[in-house]
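Down below is the structure, laid out as structure tokens.
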Amino acid sequence: MLSTPVTRYLQQRKISYRILMQNQATASVQEAAVLRGINPDIMVKSIVLRDMGGQYALACCPGNESIDPKKVRSILSTRRMTCASRDETEMVTGSVIGTVTPLLLRETMPIIFDTSLQTNSMVTISSGDKRAGLMLLLQDLEQCCRPAWGNIIR
Numbered sequence: 033m034l035s036t037p038v039t040r041y042l043q044q045r046k047i048s049y050r051i052l053m054q055n056q057a058t059a060s061v062q063e064a065a066v067l068r069g070i071n072p073d074i075m076v077k078s079i080v081l082r083d084m085g086g087q088y089a090l091a092c093c094p095g096n097e098s099i100d101p102k103k104v105r106s107i108l109s110t111r112r113m114t115c116a117s118r119d120e121t122e123m124v125t126g127s128v129i130g131t132v133t134p135l136l137l138r139e140t141m142p143i144i145f146d147t148s149l150q151t152n153s154m155v156t157i158s159s160g161d162k163r164a165g166l167m168l169l170l171q172d173l174e175q176c177c178r179p180a181w182g183n184i185i186r
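Numbers in my numbering are just positions in the sequence shown, counted from 1, shifted up by 32.
See below:
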């Protein structure tokens, strides 16, 4: 049985999830979706952004979409935003690239979900292990991380 900080967090909150294993780590959302036998639009892609003042935010969208930093900036009423570096992402989330989720972030930051995630009642997030995703109700994920919602994709 897979045990990671994310699975333990969900178990402690009595949130149901299904483990989606794959036999190897992947380099892209599309590859992971194929190996897990799912559509990438149910995968929650989590991208850390940083504004010019050093404020971080986590922007989440379907795996087959791309975040538009200008739209995130507009929602947060902040200055120009760019994608955080690999080192910054690991520092503020506690997760390596490819395993970032809106749960258990090391630093408190705004979390914004793109409204297109609402088209699916079930979504997948990383388990914290590059070889496994977790499928759960979007409603449960939303209750855990309390995101803002907006149109933030390109």
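For glycine and all other residues, C-beta sits at the position ideal for the given N, C-alpha and C.
Residue range of the alpha helix (DSSP H) that includes residue i
i      : result
Lys46  : It is not in any alpha helix (DSSP H) - Lys46 carries neither H nor E in the DSSP assignment.
Val187 : Missing from the structure shown is residue 187; the chain here goes from 33 to 186 and no further.
Leu173 : Leu170 to Cys177
Backbone CA spacing between residue i and residue j [nearest angstrom]
i      : j      : result
Ala179 : Ser117 : As written in the sequence, residue 179 is Pro, which differs from the Ala given in the question. Each residue's Cα considered, the two are about 22 Å apart.
Asn183 : Ile143 : 13 Å
Val124 : Met167 : 24 Å
Ile70  : Ala64  : 9 Å
Leu137 : Glu122 : 10 Å
Ile47  : Pro101 : 31 Å
Tyr41  : Met33  : 15 Å
Met113 : Leu90  : 11 Å
Tyr88  : Thr140 : 9 Å
DSSP-derived helix/strand/coil call for residue i
i      : result
Arg163 : coil
Met33  : coil
Ala59  : coil
Thr140 : coil
Thr156 : strand
Thr114 : strand
Cβ pair residue i, residue j closer than 8 Å
i      : j      : result
Val155 : Ile74  : yes
Arg82  : Glu120 : yes
Ile185 : Ser158 : no
Cys92  : Leu135 : no
Thr169 : Ser153 : Rather than Thr, the amino acid found at residue 169 in this sequence is Leu. Yes; because the gap between Cβ atoms is below 8 Å, this pair is in contact.
Gly126 : Val38  : no
Leu52  : Thr58  : no
Enclosing beta strand (DSSP E) for residue i [first to last residue]
i      : result
Gly182 : Ala180 to Gly182
Leu52  : Arg50 to Met53
* Can you check the stretch 68-108 for any alpha helix (DSSP H) of at least 4 residues that lies completely inside it and give the ranges in chain order? => 101-108
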